[in-house]
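Colleague: Handing you a structure now.
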Amino acid sequence: MIDTLEQGFFGIGIQNGKTPENLGVLWRSAQNMGASFIFTVGKRYAKQACDTHKATGAMPYFHYDNFDDFYAHLPKGAVLVGVELDDKAVNLEEFKHPRRCVYLLGAEDNGLTKTAIEKSHHLVKFDTRLSVNVSVAGSIIMYDRNLKAKFGQTMY
1 MIDTLEQGFF
11 GIGIQNGKTP
21 ENLGVLWRSA
31 QNMGASFIFT
41 VGKRYAKQAC
51 DTHKATGAMP
61 YFHYDNFDDF
71 YAHLPKGAVL
81 VGVELDDKAV
91 NLEEFKHPRR
101 CVYLLGAEDN
111 GLTKTAIEKS
121 HHLVKFDTRL
131 SVNVSVAGSI
141 IMYDRNLKAK
151 FGQTMY
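In terms of the UniProt record's numbering, the sequence shown opens at residue 1 and continues consecutively.
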């Protein structure tokens, strides 16, 4: 019998992604790291060579025209985790991942919108000297989630 209280899921996506290559790399990582779904907010996904595993055919892909559309369609019970270099953000090393959540990343040049930052239930960041590529940032977040889950340190 499945204990539905112990089950979880996560989705990951980008708000106003700068390049389609970033999306393809993130989608490939999401498929490999167990994401339940992927999405874009703003600019639409364009098929390109970086998504060599064809993740959009292997898991649900959603597109939202804008942040309000995305926010209105968050899965019931999901926690929104914004990934952003912000003074209010918690360091990834200290972050306890929600069991059911959606990770939202911003483009490298502009980050998340002010509204996305304000409406995120949590903000998380990690310590790097310079900003990293959005697909790398997403991969680090998912790896951290999986590593902490493996050692029983994640999920609330």
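Quick reminder that beta carbons are idealized off the backbone N, C-alpha and C, glycines included.
1. With burial defined as no fewer than 16 other Cβ atoms inside 10 Å of the residue's Cβ, what is the status of residue 137: buried or exposed?
2. Ignoring anything shorter than 3 residues or poking outside the UniProt domain "tRNA/rRNA methyltransferase SpoU type" (15-143), list the beta strand (DSSP E) runs there in chain order.
3. On the three-pair Cβ rule with 8 Å, is the stretch 22-32 touching the stretch 115-129?
4. What residues are listed by DSSP as bridge partners for residue 151?
5. So which of 140, 11, 20 and 115 has the shortest CA-CA distance to residue 91?
6. Between the C-alpha atoms of residue 145 and residue 96, what's the straight-line distance to the nearest angstrom?
7. I'd like to know if the stretch 74-92 and the stretch 55-66 are in contact, where contact means that at least 3 CB-CB pairs between them fall below 8 Å.
8. In chain order, what residues of the same chain lie with their CB nearer than 8 Å to the CB of residue 59, ignoring the 5 residues before and after it?
9. How many Å lie between residue 17 and residue 41 at the Cα?
10. Short check: CB of residue 100 to CB of residue 24, under 9 Å?
11. Quick one: Cα of residue 28 to Cα of residue 62, how far?
Modeller: Reading from the atomic positions:
1. If you number the sequence shown from 1, residue 137 lands on position 137. Buried.
2. Segments of the beta strand (DSSP E) lying fully in the UniProt domain "tRNA/rRNA methyltransferase SpoU type" (15-143): 37-41, 61-64, 79-83, 100-106 and 122-125.
3. Using a Cβ-Cβ distance cut-off of 8 Å, the stretch 22-32 and the stretch 115-129 are not in contact, since fewer than three pairs of beta carbons, one from each stretch, lie closer than that value.
4. Reading the sequence shown from its first residue, position 151 is the one you call residue 151. Partner(s): none; residue 151 has no beta bridge.
5. By 1-based counting over the sequence shown, the position of residue 91 is 91. When each option's Cα is compared against that of residue 91, the closest is 140.
6. To locate residue 145, count along the sequence shown from 1; it is residue 145. To locate residue 96, count along the sequence shown from 1; it is residue 96. Residue 145 and residue 96 have their C-alpha atoms roughly 8 Å apart.
7. Here the stretch 74-92 makes no contact with the stretch 55-66; the two share fewer than three CB pairs at distances below 8 Å.
8. Residue mapping note: residue 59 aligns to position 59 of the sequence shown, counting from 1. For residue 59, the CB contacts under 8 Å within the same chain, skipping 5 residues up- and downstream, are 30, 31, 35, 36, 37 and 38 in chain order.
9. If you number the sequence shown from 1, residue 17 lands on position 17. If you number the sequence shown from 1, residue 41 lands on position 41. Using only the alpha carbons, I get a separation of about 8 Å.
10. The count along the sequence shown starts at 1 and reaches residue 100 at position 100. The count along the sequence shown starts at 1 and reaches residue 24 at position 24. No, the pair does not count as a contact, with Cβ atoms beyond the cut-off.
11. Looking up residue 28 in the sequence shown gives position 28. Looking up residue 62 in the sequence shown gives position 62. Approximately 15 Å, taken between the alpha carbons.
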